[in-house]
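Asker: Just dropping this structure here.
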Amino acid sequence: MGKGFFNVPIAYNEPVKTYAPGSPERDAVLKAYKEMFKSKIDVPLYINGKHVSTGNTKTMSPPHDHKHIVGTYHLAEKSHVEAAISTALEARKTWSQMPWEQRAAIFLKAAELIAGPYRAKINAATMIAQSKTIHQAEIDAACEFVDFLRYNVQFMTDIYAEQPESTSDVWNRLEYRPLEGFTYAVTPFNFTAIAGNLPSCMALMGNVVVWKPSDSQIYSAKVIMDVFEEAGVPAGVINVVFGDPIMITNTVLSSPDFSGLHFTGSTFIFKELWKQIGNNIHNYKTYPRIVGETGGKDFVIAHKSANVKQVVTAIVRGAFEFQGQKCSAASRAYIPKSLWTDVKKQLIADVKSFKMGSPEDMGNFITAVIHEGSFDKLVKYIEQAKKDADAEIIIGGNYDKSKGYFIEPTVIVTTNPKYETMRTELFGPVITIYIYEDEAFSDTLKLVDETSEYALTGAVLATDRYAITEATTALQNSAGNFYINDKPTGAVVGQQPFGGARASGTNDKAGSAQNLLRWVSPRLIKETFITPTDYRYPFLGE
Ligand code: NAD
């Protein structure tokens with residue numbers, strides 16, 4: 046602890062830049078994009094502050110131009126993962142004792158680097174690696190990441206300030222120790238901010254980390270590591286390994302010093318990791334913390350009192366921005382019959398107006414899906430819908446992977462509320478709509494609640510307060526983030542802590558103090574000023 050109760054800068058949300066034609070930020074990001082697109086980078090492993098080349102490499106390509114190579118990354122062998130673990134444990138000796146304000150300063154500096162000198166680079170990298178439009182890159186890689194870093198520092202000090210009561214002769218102190226051992230961050234492709242937040246928030250709380258990013262996000266993960274290095278994260282605190290996820294995970298989870306998993310990704314993988322941790326439980330020195338944010342099958346339900354334009358906009362933005370590849374993306378909608386004709390007309394008109402192509406052309410609202418596996422999976426569901434009698438594609442349904450993995454935004458209307466694409470997470474630009482009788486609102490709420498295994502996000506649109514109240518109650522356990530008269534995406538750090546329950550995750554709310562609490566193990570220190578000198582209590586007296 047330093048010699049003072051230091052106040053941290055008050056966190057605020059990084060303002061989202063517009064990238065309107067002629068704006069300096071637009072010029073800067075396009076310049077960075079062009080330069081990065083035509084050059085090639087080589088991404089090493091990061092172990093003990095060293096850049097490790099293994100010689101065993103894979104290439105990286107943008108999803109919207111998959112024959113074009115933008116670089117290579119190095120694959121770890123088991124020995125590299127073991128080295129990452131042992132150097133993390135060595136770094137823990139000093140990092141876990143580092144005064145909190147020094148840790149805070151590093152990550153506050155990282156926030157300012159991203160907000161300023163690295164902004165164009167991290168956005169351009171996210172446009173190239175994950176095929177995000179500039180707006181999607183800006184709200185993720187720049188703003189959300191900066192918000193995580195700033196707010197986490199504030200939340201950390203809020204946690205530290207939480208102290209038990211004391212009396213004049215006993216001073217009780219809570220010390221928020223980092224976990225004993227090392228932690229493991231496994232991150233998804235779809236958010237650069239999540240990739241940066243999972244390892245860094247654990248490190249901020251004094252932990253050491255082995256981080257395994259998604260193969261499809263390594264290009265922008267490299268910029269995150271550039272920032273962490275420049276901000277001064279010491280050697281061995283965050284170690285990065287790429288490669289076979291099964292080998293890496295087996296190596297990590299078989300270490301007796303493994304103390305926590307911070308995962309974001311699909312439900313099945315998370316459950317497998319949980320099972321593996323359970324199987325190893327007798328080997329660990331401490332009970333590992335397990336935090337996972339996983340899949341979703343997020344809903345929009347409109348009441349007959351809803352405004353049609355608002356319903357359509359919630360669907361269009363909620364389902365199709367970033368090609369529906371957000372865990373919170375609207376992927377099933379329930380529309381009352383009386384609104385359907387108008388909703389359908391405007392929905393088709395809106396989807397027809399989308400331009401699709403490379404994010405470099407800023408007129409494009411839709412770009413490519415992340416990789417061939419995702420493309421092929423989406424095509425399978427689209428082709429099945431074309432064949433099924435209880436499904437009809439009213440717009441979209443075409444696809445082309447000759448240059449990039451492009452799937453047309455697709456709207457399926459089904460007469461079967463339990464139709465496959467009403468239940469399964471597709472993770473692409475496909476939404477399925479069920480039309481219900483106006484008077485069946487209550488029954489439809491029940492359907493919404495029971496149709497999928499997930500409970501991440503959902504939205505109700507209505508002007509009738511009784512309908513809003515009924516939906517809020519009936520859907521209490523159907524979503525961890527519930528929206529009234531809005532789209533179900535776009536949670537902002539510090540404003541809407543994010544996460545869901547059921548098969549959607551442990552609901553430890555990324556972007557809140559609740560999440561950070563999982564990465565500390567409090568020690569209570571009781572200090573007694575007048576220490577008893579006789580065991581006999583007064584009641585034992587004559
Ligand atoms: P994914 O599950 O395919 O991959 C996530 C991570 O797990 C990657 O790093 C991957 O390499 C790793 N992985 C894959 N197989 C593994 C294995 N056998 N052992 C260990 N690690 C393994 O997910 P994705 O495609 O990158 O991301 C999309 C998924 O993430 C969707 O299901 C989405 O809903 C979910 N997601 C959830 C949230 C949330 O906050 N709830 C946020 C973003 C994404």
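Just add 45 to wherever you are in the sequence shown, counting from 1, and you've got my numbering. For every residue, glycine included, the Cβ atom is placed at its ideal position computed from N, Cα and C. As the structure is a computational prediction, the values presented were derived from the model and not from experiment.
Does Ser176 pass the burial test, meaning 16 or more other C-beta atoms within 10 Å, or should it be called exposed?
Answerer: In the sequence shown, residue 176 corresponds to position 131, counting from 1. That one is buried.
Asker: May I ask you to verify whether the region 512-527 touches the region 162-180, counting CB pairs closer than 8 Å and requiring at least 3?
Answerer: Counting Cβ pairs under 8 Å, fewer than three are found: no touch.
Asker: In the structure shown, what three-state DSSP assignment does Pro381 receive?
Answerer: Counting from one through the sequence shown, the residue named residue 381 turns up at place 336. Looking at Pro381 - three-state DSSP - the assignment turns out to be strand.
Asker: Below 8 Å on the Cβ atoms is my contact criterion, and I expect Arg377 with Lys422 to pass it. Report the Cβ-Cβ distance as a whole number of Å.
Answerer: On the sequence shown, residue 377 is found 332 positions in, with the first residue counted as 1. On the sequence shown, residue 422 is found 377 positions in, with the first residue counted as 1. Incorrect: roughly 17 Å between the Cβ atoms, too far for contact.
Asker: Leaving out five residues before and five after Phe574 in sequence, what residues of the same chain have Cβ atoms less than 6 Å from its Cβ?
Answerer: Sequence index remark: in the sequence shown, residue 574 carries index 529 (1-based). Asp214.
Asker: Taking the Cβ atom as the reference point for each residue, do Trp140 and Met201 lie within a distance shorter than 8 Å?
Answerer: One-based indexing of the sequence shown puts residue 140 at position 95. One-based indexing of the sequence shown puts residue 201 at position 156. The answer is no: Cβ separation not under 8 Å.
Asker: Compare the Cα-Cα distances from Ala186 to each of Val53, Pro209, Ile159 and Asn197 and report the closest residue.
Answerer: Counted from its first residue, the sequence shown places residue 186 at position 141. It is Ile159 whose Cα lies nearest to the Cα of Ala186.
Asker: Going by the CB atoms, is the gap between Gly277 and Ile25 shorter than 8 Å?
Answerer: Lying before the first or after the last residue shown, residue 25 is absent from the chain, which here runs from 46 to 587.
Asker: Under the DSSP definition of a beta bridge, which residues are partnered with Glu338?
Answerer: Here residue 338 corresponds to residue number 293 of the sequence shown, with the count starting at 1. Paired residue(s): Thr309 and Gly550.
Asker: Alpha carbon to alpha carbon, how far is Tyr580 from Ala500? Give it in angstroms, no decimals.
Answerer: Sequence index remark: in the sequence shown, residue 500 carries index 455 (1-based). Sequence index remark: in the sequence shown, residue 580 carries index 535 (1-based). When the Cα atoms are used, Ala500 and Tyr580 turn out to be separated by approximately 56 Å.
Asker: Between Met395 and the rest of its own chain, which residues show a CB-CB distance below 7 Å, the 5 nearest in sequence each way excluded?
Answerer: As a first step, residue 395 is located in the sequence shown; it is residue number 350 there, counting from the start. In the sequence as displayed, the identity of residue 395 is Asp instead of Met. The residues are Val357 and Val361.
Asker: Is Val61 near the ligand NAD, with its Cβ less than 7 Å from a heavy atom?
Answerer: Translated into the one-based positions of the sequence shown, residue 61 becomes position 16. No, the Cβ of Val61 stays beyond 7 Å of every heavy atom of the ligand NAD.
Asker: Go through its chain and collect everything with a Cβ distance to Thr477's Cβ below 6 Å, but skip five positions before and after it.
Answerer: Locating residue 477 in the sequence shown gives position 432, where the first residue counts as 1. Cβ neighbours of Thr477 beyond the five flanking positions: Arg377, Ile457, Thr459, Thr466 and Met467.
Asker: Might you give, ordered along the chain, the residues of its own chain that have their beta carbon closer than 7 Å to the beta carbon of Asn552, omitting 5 neighbours on each side?
Answerer: Within the sequence shown, residue 552 is the residue found at index 507, counting from 1. These residues qualify, in order along the chain: Gly525, Gly544, Gly545 and Ala546.
Asker: Does the region 294-309 come close enough to the region 266-273 that 3 or more CB-CB pairs lie under 8 Å?
Answerer: no
Asker: I'd like to know whether the C-beta atoms of Leu90 and Thr99 end up nearer to each other than 8 Å.
Answerer: Within the sequence shown, residue 90 is the residue found at index 45, counting from 1. Within the sequence shown, residue 99 is the residue found at index 54, counting from 1. Contact: yes.
Asker: Using a Cβ-Cβ cut-off of 6 Å (strictly less than) and excluding sequence neighbours within five positions of Arg334, which residues of its own chain qualify?
Answerer: As a working mapping, residue 334 is identified with position 289 in the sequence shown. Closer than 6 Å at the Cβ level, and outside the excluded window around Arg334, lie Gly305 and Arg563.
Asker: For a quick check, are the C-beta atoms of Thr63 and Pro404 less than 8 Å apart?
Answerer: For the purposes of this step, residue 63 is taken as residue 18 along the sequence shown, with counting starting at 1. For the purposes of this step, residue 404 is taken as residue 359 along the sequence shown, with counting starting at 1. Not closer than 8 Å, so no.
Asker: Just how far apart, CA to CA, sit Cys246 and Gly535?
Answerer: Sequence index remark: in the sequence shown, residue 246 carries index 201 (1-based). Sequence index remark: in the sequence shown, residue 535 carries index 490 (1-based). Cα to Cα, the separation comes out at about 20 Å.
Asker: Using only CA atoms, which one of Thr412, Val537 and Pro223 lies nearest to Tyr57?
Answerer: Along the sequence shown, one-based indexing puts residue 57 at 12. Measuring from the Cα of Tyr57, the nearest candidate turns out to be Val537.
Asker: Alpha carbon to alpha carbon, what distance is there between Tyr329 and Trp319?
Answerer: Your numbering for residue 319 matches position 274 in the sequence shown. Your numbering for residue 329 matches position 284 in the sequence shown. Taking the straight line from one Cα to the other gives about 14 Å.
Asker: Got a sec: does the ligand NAD put a non-hydrogen atom nearer than 7 Å to the Cβ of Phe543?
Answerer: Numbered from its first residue, the sequence shown carries residue 543 at position 498. It does: the Cβ of Phe543 is within 7 Å (strictly closer) of some heavy atom of the ligand NAD.
Asker: Taking just the CA atoms, how far does Thr489 sit from Glu366?
Answerer: Position 321 of the sequence shown, counting from 1, holds the residue named residue 366. Position 444 of the sequence shown, counting from 1, holds the residue named residue 489. Approximately 26 Å, taken between the alpha carbons.
Asker: How many angstroms separate the CA atom of Ser124 from the CA atom of Ser566?
Answerer: Taking the first residue of the sequence shown as position 1, residue 124 is located at position 79. Taking the first residue of the sequence shown as position 1, residue 566 is located at position 521. Between Ser124 and Ser566, the C-alpha separation is close to 30 Å.
Asker: Gly539: which of Ile291, Lys554, Tyr196 and Val115 sits nearest, CA to CA?
Answerer: One-based indexing of the sequence shown puts residue 539 at position 494. Answer by Cα proximity: Tyr196.
Asker: For my contact list, Leu219 and Glu207 are in at a C-beta cut-off of 8 Å; report their separation, rounded to the angstrom.
Answerer: Translated into positions along the sequence shown, residue 219 becomes position 174. Translated into positions along the sequence shown, residue 207 becomes position 162. Cβ atoms of Leu219 and Glu207 come within 8 Å of each other, at about 7 Å.
Asker: Within a Cβ cutoff of 7 Å, which residues of the same chain sit near Glu498, ignoring the five residues on either side of it in sequence?
Answerer: By one-based count along the sequence shown, residue 498 stands at place 453. The residues are Arg547 and Ala548.
Asker: So the alpha helix (DSSP H) Thr202 belongs to, where does it begin and stop?
Answerer: Here residue 202 corresponds to residue number 157 of the sequence shown, with the count starting at 1. Phe190 to Ala206 is the span of the alpha helix (DSSP H), which, as asked, contains Thr202.
Asker: Out of Gln368, Ser373, Asp433 and Leu585, point me to the one whose CA is closest to Val414's CA.
Answerer: Position 369 of the sequence shown, counted from the start, is the residue given in the question as residue 414. Considering only alpha carbons, the answer is Gln368.
Asker: So the alpha helix (DSSP H) Pro567 belongs to, where does it begin and stop?
Answerer: As a first step, residue 567 is located in the sequence shown; it is residue number 522 there, counting from the start. Looking at the DSSP string, Pro567 is not in any alpha helix (DSSP H); the run it does join, the beta strand (DSSP E), is Val565 to Thr573.
Asker: Are the beta-carbon atoms of Ala24 and Val255 separated by less than 8 Å?
Answerer: Since the first and last residues shown for the chain are 46 and 587, residue 24 lies out of range.
Asker: Let me check one thing: in DSSP terms, what residues is Asp343 bridge-paired to?
Answerer: Along the sequence shown, read from residue 1 onward, the residue named residue 343 stands at position 298. Beta bridge pairing from DSSP links Asp343 with Ala375.
Asker: At what residue ranges does the region 492-536 contain a whole run of the beta strand (DSSP E), taking only runs of 3 or more?
Answerer: 502-506 and 526-529
Asker: Look at the alpha carbon of Leu384 and the alpha carbon of Val53, and state the distance between them as a whole number of angstroms.
Answerer: Indexing the sequence shown from 1 puts residue 384 at position 339. Indexing the sequence shown from 1 puts residue 53 at position 8. One C-alpha to the other measures close to 50 Å.
Asker: At a cut-off of 7 Å, is Ser497 close to the ligand NAD when judged by its beta-carbon and the heavy atoms of the ligand?
Answerer: As a working mapping, residue 497 is identified with position 452 in the sequence shown. Within 7 Å of the C-beta of Ser497 there is not a single heavy atom belonging to the ligand NAD.
Asker: Taking 6 Å as the limit between beta carbons, can you name the residues of its chain near Ala280, skipping five residues before and five after?
Answerer: Taking the first residue of the sequence shown as position 1, residue 280 is located at position 235. Taken in chain order, the residues that qualify are Asn93 and Gly94.
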